[in-house]
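In what follows, a structure is listed as C-alpha coordinates, so that the remarks can point back to it.
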Amino acid sequence: MELMDLAKRAAAIYIENPKVESVLLGGSVSRGLHDEFSDIELFIFWKEAPADRDRKEPIARLAGMQLDFHPFEDEEWAETYIVENIKLEISSFLSNTAIQYIEDVTAKFETDYDKQVLLATIQDGVPLEGIKPILKLKQQIEQYPKDLARAMIQENAELGSRWQNREALAARHDWLMLYQTFVAVEIKLMGILFALNGEFVHHPAFKWQNHSLGKMNILPENSSERFASVLLGDPQESVKVLEELVSEIFQLARSNYPNAIRPGGMERALGARPRNN
127 MELMDLAKRA
137 AAIYIENPKV
147 ESVLLGGSVS
157 RGLHDEFSDI
167 ELFIFWKEAP
177 ADRDRKEPIA
187 RLAGMQLDFH
197 PFEDEEWAET
207 YIVENIKLEI
217 SSFLSNTAIQ
227 YIEDVTAKFE
237 TDYDKQVLLA
247 TIQDGVPLEG
257 IKPILKLKQQ
267 IEQYPKDLAR
277 AMIQENAELG
287 SRWQNREALA
297 ARHDWLMLYQ
307 TFVAVEIKLM
317 GILFALNGEF
327 VHHPAFKWQN
337 HSLGKMNILP
347 ENSSERFASV
357 LLGDPQESVK
367 VLEELVSEIF
377 QLARSNYPNA
387 IRPGGMERAL
397 GARPRNN
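Here it is in C-alpha coordinates:
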(Lines of atoms letter the chains of each structure in order from A; the text may use other names.)
(Lines give C-alpha, C1' and ligand atoms only; values in the text may rest on other atoms or scores of the structure.)
Protein backbone atom coordinates (compact mmCIF):
# COMPACT_ATOMS: atom_id res chain seq x y z
CA MET A 127 0.00 0.00 0.00
CA GLU A 128 1.23 3.50 -0.82
CA LEU A 129 2.03 5.56 2.28
CA MET A 130 0.12 8.59 1.02
CA ASP A 131 -2.97 6.50 0.29
CA LEU A 132 -3.05 5.12 3.82
CA ALA A 133 -2.38 8.58 5.28
CA LYS A 134 -5.39 10.00 3.43
CA ARG A 135 -7.55 7.07 4.47
CA ALA A 136 -6.64 7.54 8.12
CA ALA A 137 -7.12 11.30 7.93
CA ALA A 138 -10.63 10.85 6.53
CA ILE A 139 -11.53 8.77 9.58
CA TYR A 140 -10.06 11.24 12.09
CA ILE A 141 -11.86 14.24 10.59
CA GLU A 142 -15.24 12.52 11.10
CA ASN A 143 -14.82 13.24 14.81
CA PRO A 144 -16.36 16.69 15.45
CA LYS A 145 -13.61 17.40 17.98
CA VAL A 146 -10.97 17.29 15.22
CA GLU A 147 -10.22 20.52 13.39
CA SER A 148 -7.39 19.46 11.05
CA VAL A 149 -5.14 16.57 10.05
CA LEU A 150 -1.62 17.23 8.80
CA LEU A 151 0.85 14.79 7.25
CA GLY A 152 4.38 15.36 8.53
CA GLY A 153 7.70 13.55 8.61
CA SER A 154 9.64 12.11 5.71
CA VAL A 155 6.56 11.37 3.61
CA SER A 156 5.48 15.02 3.59
CA ARG A 157 9.00 16.12 2.68
CA GLY A 158 9.48 13.55 -0.08
CA LEU A 159 12.30 11.85 1.82
CA HIS A 160 10.61 8.54 2.59
CA ASP A 161 12.16 5.16 1.88
CA GLU A 162 11.49 1.52 2.74
CA PHE A 163 12.06 2.27 6.43
CA SER A 164 9.63 5.18 6.65
CA ASP A 165 6.38 5.32 8.55
CA ILE A 166 3.42 7.72 8.46
CA GLU A 167 3.40 10.68 10.83
CA LEU A 168 0.02 12.29 11.29
CA PHE A 169 -0.57 15.42 13.36
CA ILE A 170 -4.11 15.77 14.63
CA PHE A 171 -5.26 19.19 15.79
CA TRP A 172 -8.22 19.05 18.19
CA LYS A 173 -10.74 21.73 19.07
CA GLU A 174 -11.06 20.15 22.51
CA ALA A 175 -9.18 17.48 24.41
CA PRO A 176 -9.74 13.97 23.04
CA ALA A 177 -10.90 11.14 25.27
CA ASP A 178 -9.15 7.78 24.98
CA ARG A 179 -12.04 6.46 22.89
CA ASP A 180 -11.58 9.33 20.41
CA ARG A 181 -7.97 8.25 19.86
CA LYS A 182 -8.67 4.50 19.80
CA GLU A 183 -11.63 4.51 17.41
CA PRO A 184 -9.52 5.25 14.28
CA ILE A 185 -7.15 2.41 15.23
CA ALA A 186 -10.07 0.00 15.41
CA ARG A 187 -11.64 1.22 12.16
CA LEU A 188 -8.32 0.79 10.35
CA ALA A 189 -7.90 -2.69 11.88
CA GLY A 190 -4.65 -1.48 13.38
CA MET A 191 -2.43 -3.21 15.90
CA GLN A 192 -1.69 -0.80 18.74
CA LEU A 193 1.96 -0.55 19.76
CA ASP A 194 1.79 2.19 22.36
CA PHE A 195 -0.69 4.68 23.72
CA HIS A 196 0.65 7.59 25.77
CA PRO A 197 -1.34 9.86 28.08
CA PHE A 198 -1.30 13.63 27.74
CA GLU A 199 2.23 14.87 28.40
CA ASP A 200 4.10 18.03 27.41
CA GLU A 201 1.01 19.40 25.63
CA GLU A 202 0.74 16.30 23.42
CA TRP A 203 -1.09 12.99 23.12
CA ALA A 204 0.75 10.26 21.18
CA GLU A 205 0.09 6.74 20.00
CA THR A 206 1.60 4.33 17.50
CA TYR A 207 -0.04 1.47 15.61
CA ILE A 208 0.48 -0.72 12.55
CA VAL A 209 -1.91 -1.07 9.63
CA GLU A 210 -1.05 -3.60 6.92
CA ASN A 211 2.63 -3.64 7.97
CA ILE A 212 2.87 0.16 7.94
CA LYS A 213 3.48 2.03 11.17
CA LEU A 214 1.50 5.16 11.91
CA GLU A 215 2.79 7.61 14.49
CA ILE A 216 0.08 9.94 15.72
CA SER A 217 0.80 13.22 17.49
CA SER A 218 -2.21 15.11 18.77
CA PHE A 219 -2.30 18.73 19.92
CA LEU A 220 -5.02 21.19 20.77
CA SER A 221 -5.29 23.78 18.01
CA ASN A 222 -4.76 26.43 20.68
CA THR A 223 -1.46 24.81 21.61
CA ALA A 224 -0.21 25.22 18.04
CA ILE A 225 -1.24 28.88 18.13
CA GLN A 226 0.55 29.34 21.46
CA TYR A 227 3.73 27.65 20.18
CA ILE A 228 3.76 29.97 17.17
CA GLU A 229 3.54 32.98 19.45
CA ASP A 230 6.22 31.65 21.79
CA VAL A 231 8.70 31.09 18.98
CA THR A 232 7.95 33.96 16.59
CA ALA A 233 6.98 36.70 19.06
CA LYS A 234 8.77 35.75 22.27
CA PHE A 235 11.74 34.21 20.40
CA GLU A 236 11.84 31.04 22.47
CA THR A 237 14.40 28.59 21.10
CA ASP A 238 12.68 25.47 22.49
CA TYR A 239 13.24 22.71 19.93
CA ASP A 240 9.99 20.86 20.65
CA LYS A 241 8.05 24.00 19.79
CA GLN A 242 10.15 24.66 16.70
CA VAL A 243 9.61 21.09 15.52
CA LEU A 244 5.86 21.63 15.51
CA LEU A 245 6.29 24.90 13.60
CA ALA A 246 8.56 23.20 11.06
CA THR A 247 6.02 20.41 10.68
CA ILE A 248 3.23 22.90 10.03
CA GLN A 249 5.44 24.76 7.58
CA ASP A 250 6.53 21.71 5.59
CA GLY A 251 3.58 19.40 6.21
CA VAL A 252 0.82 18.43 3.81
CA PRO A 253 -2.74 19.33 4.94
CA LEU A 254 -5.01 16.32 4.46
CA GLU A 255 -8.20 17.43 6.20
CA GLY A 256 -9.33 20.77 7.62
CA ILE A 257 -7.09 22.57 5.18
CA LYS A 258 -8.06 26.20 5.86
CA PRO A 259 -6.98 26.28 9.53
CA ILE A 260 -3.62 24.75 8.59
CA LEU A 261 -3.08 27.25 5.81
CA LYS A 262 -3.78 30.03 8.30
CA LEU A 263 -1.12 28.61 10.61
CA LYS A 264 1.32 28.35 7.71
CA GLN A 265 0.82 32.04 6.92
CA GLN A 266 1.75 32.98 10.48
CA ILE A 267 5.17 31.33 10.22
CA GLU A 268 6.23 32.41 6.75
CA GLN A 269 8.80 34.83 8.18
CA TYR A 270 11.63 33.61 10.40
CA PRO A 271 12.31 36.31 13.03
CA LYS A 272 15.81 37.78 13.15
CA ASP A 273 15.56 38.00 16.94
CA LEU A 274 14.98 34.25 17.03
CA ALA A 275 18.10 33.76 14.91
CA ARG A 276 20.12 35.86 17.36
CA ALA A 277 18.82 33.87 20.31
CA MET A 278 19.61 30.58 18.56
CA ILE A 279 23.15 31.66 17.69
CA GLN A 280 23.84 32.96 21.18
CA GLU A 281 22.57 29.77 22.80
CA ASN A 282 24.41 27.38 20.49
CA ALA A 283 27.70 29.30 20.52
CA GLU A 284 28.40 27.84 23.97
CA LEU A 285 30.01 24.52 23.05
CA GLY A 286 30.63 23.18 26.55
CA SER A 287 33.60 22.21 28.67
CA ARG A 288 34.13 18.79 27.12
CA TRP A 289 34.95 20.45 23.82
CA GLN A 290 37.75 22.27 25.63
CA ASN A 291 39.18 18.84 26.50
CA ARG A 292 39.08 17.47 22.95
CA GLU A 293 42.85 17.16 22.56
CA ALA A 294 43.17 15.34 25.88
CA LEU A 295 40.33 12.96 25.00
CA ALA A 296 41.93 12.13 21.66
CA ALA A 297 45.40 11.66 23.17
CA ARG A 298 44.00 9.38 25.88
CA HIS A 299 41.91 7.39 23.39
CA ASP A 300 38.76 8.17 25.36
CA TRP A 301 36.78 7.49 22.22
CA LEU A 302 33.30 7.25 23.74
CA MET A 303 33.54 10.64 25.42
CA LEU A 304 35.29 12.14 22.40
CA TYR A 305 32.57 11.04 19.99
CA GLN A 306 29.84 12.17 22.38
CA THR A 307 31.58 15.55 22.27
CA PHE A 308 31.76 15.50 18.47
CA VAL A 309 28.01 14.84 18.24
CA ALA A 310 27.18 17.51 20.83
CA VAL A 311 29.23 20.14 19.00
CA GLU A 312 27.83 19.18 15.59
CA ILE A 313 24.30 19.57 16.98
CA LYS A 314 25.23 23.04 18.25
CA LEU A 315 26.65 24.00 14.85
CA MET A 316 23.55 22.73 13.09
CA GLY A 317 21.46 24.92 15.37
CA ILE A 318 23.49 27.95 14.29
CA LEU A 319 23.21 27.02 10.62
CA PHE A 320 19.43 26.62 10.85
CA ALA A 321 19.25 30.09 12.41
CA LEU A 322 21.51 31.65 9.78
CA ASN A 323 19.33 30.20 7.04
CA GLY A 324 16.03 31.16 8.65
CA GLU A 325 14.83 27.60 9.21
CA PHE A 326 12.89 26.31 12.20
CA VAL A 327 14.51 23.21 13.69
CA HIS A 328 12.58 20.22 12.36
CA HIS A 329 14.10 17.51 14.58
CA PRO A 330 15.94 17.82 17.92
CA ALA A 331 18.74 15.56 16.66
CA PHE A 332 18.75 17.11 13.16
CA LYS A 333 17.46 14.14 11.24
CA TRP A 334 17.90 14.46 7.44
CA GLN A 335 21.13 16.37 8.05
CA ASN A 336 22.48 16.01 4.51
CA HIS A 337 19.18 17.08 2.97
CA SER A 338 18.99 20.11 5.27
CA LEU A 339 22.53 21.20 4.49
CA GLY A 340 21.88 20.76 0.78
CA LYS A 341 19.05 23.32 0.95
CA MET A 342 21.04 25.96 2.81
CA ASN A 343 22.67 29.02 1.26
CA ILE A 344 24.72 30.22 4.24
CA LEU A 345 27.21 27.53 5.26
CA PRO A 346 30.88 26.55 4.80
CA GLU A 347 31.89 24.79 1.60
CA ASN A 348 31.45 21.02 1.53
CA SER A 349 29.69 21.12 4.89
CA SER A 350 27.89 17.81 4.47
CA GLU A 351 31.06 15.90 3.64
CA ARG A 352 32.99 17.58 6.45
CA PHE A 353 30.32 16.94 9.08
CA ALA A 354 30.29 13.28 8.04
CA SER A 355 34.08 12.98 8.06
CA VAL A 356 34.20 14.07 11.70
CA LEU A 357 32.28 10.94 12.67
CA LEU A 358 33.68 8.57 10.05
CA GLY A 359 37.33 9.61 9.76
CA ASP A 360 40.46 9.32 11.87
CA PRO A 361 39.69 10.77 15.34
CA GLN A 362 42.81 12.90 15.50
CA GLU A 363 42.03 14.42 12.10
CA SER A 364 38.36 14.76 13.05
CA VAL A 365 39.34 17.16 15.84
CA LYS A 366 40.97 19.44 13.29
CA VAL A 367 38.08 19.22 10.83
CA LEU A 368 35.56 20.12 13.53
CA GLU A 369 37.74 23.00 14.74
CA GLU A 370 37.72 24.40 11.21
CA LEU A 371 33.95 24.04 10.98
CA VAL A 372 33.53 25.81 14.31
CA SER A 373 35.74 28.66 13.14
CA GLU A 374 34.00 29.08 9.78
CA ILE A 375 30.45 28.83 11.14
CA PHE A 376 31.20 31.30 13.94
CA GLN A 377 32.62 33.71 11.35
CA LEU A 378 29.45 33.37 9.29
CA ALA A 379 27.41 34.06 12.42
CA ARG A 380 29.45 37.17 13.18
CA SER A 381 29.11 38.42 9.61
CA ASN A 382 25.33 38.04 9.55
CA TYR A 383 24.53 38.79 13.22
CA PRO A 384 27.48 40.76 14.60
CA ASN A 385 26.29 40.93 18.22
CA ALA A 386 24.79 37.45 18.55
CA ILE A 387 27.94 35.81 19.89
CA ARG A 388 29.01 37.15 23.26
CA PRO A 389 32.43 38.83 23.56
CA GLY A 390 35.12 36.18 23.77
CA GLY A 391 32.80 33.51 22.37
CA MET A 392 35.00 32.72 19.38
CA GLU A 393 38.08 32.47 21.58
CA ARG A 394 36.31 30.14 24.02
CA ALA A 395 35.02 27.96 21.20
CA LEU A 396 38.47 27.52 19.68
CA GLY A 397 40.37 27.34 22.98
CA ALA A 398 41.59 24.05 24.40
CA ARG A 399 42.67 22.71 27.75
CA PRO A 400 46.32 23.71 28.36
CA ARG A 401 48.98 21.00 28.56
CA ASN A 402 51.35 20.56 31.48
CA ASN A 403 54.92 21.11 30.39
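Going by this note's numbering, the sequence shown opens with residue 127, and the numbers climb by one from there.
Ideal placement from N, C-alpha and C gives every residue a C-beta, glycine not left out.
Every value quoted in this text rests on a predicted model; they were computed, and no experiment measured them.
- By the beta-carbon neighbour count (other beta carbons within 10 angstroms, threshold 16), residue 282 is buried.
- Put simply, the backbone Cα of residue 323 is about 15 Å away from that of residue 237.
- The beta carbons of residue 188 and residue 168 sit no closer together than 8 Å.
- In the DSSP assignment, residue 151 falls within the beta strand (DSSP E) that extends over 146-152.
- Non-local C-beta neighbours of residue 232 in its own chain, meaning closer than 6 Å and more than five positions away in sequence, comprise 271, ordered along the chain.
- By the Cβ test, the segment 291-307 is not in contact with the segment 256-263, since fewer than three Cβ pairs between them sit closer than 8 Å.
- Taking every protein chain shown into account, the CB of residue 186 has fewer than 16 other CB atoms within 10 angstroms, so this residue is exposed.
- Across the set 129, 226, 312, 195, the C-alpha of 129 shows the shortest separation from the C-alpha of residue 155.
- Taking the Cα of residue 338 as reference, the smallest distance to any Cα among 384, 140, 157, 137 is reached at 157.
- Under the three-state reduction of DSSP, residue 173 is assigned to coil, being neither helix nor strand.
- Under the rule that a run must span 4 or more residues, the alpha helix (DSSP H) segments found entirely inside the segment 231-259 read 239-250.
- Only residues of its own chain outside the window of five on either side were considered, and among them 334, 337 have a CB closer than 7 Å to the CB of residue 159, listed in chain order.
- Take the alpha-carbon of residue 174 and the one of residue 184: they are about 17 Å apart.
- When Cβ pairs closer than 8 Å are counted between the two stretches, the segment 340-347 is seen to touch the segment 375-392, the count reaching three or more.
- The residues 336, 339, 340, in chain order, have a CB closer than 7 Å to that of residue 350 in the same chain once the five nearest residues on each side in sequence are set aside.
- Between the beta-carbon of residue 161 and that of residue 212 there is about 13 Å, and that puts the pair past the 8 Å contact cut.
- DSSP lists 208 as the bridge partner or partners of residue 213.
- Residue 358: not part of any beta strand (DSSP E); member of the alpha helix (DSSP H) spanning 349-358, first to last residue.
- Residue range 191-199 is occupied by the beta strand (DSSP E) that includes residue 195.
- Counting only residues of its own chain and dropping the five nearest sequence neighbours on each side, residue 244 has a CB closer than 6 Å to the CB of 227.
- Two segments are said to touch when three or more pairs of C-beta atoms, one from each, lie closer than 8 Å; by this definition the segment 356-374 touches the segment 280-296.
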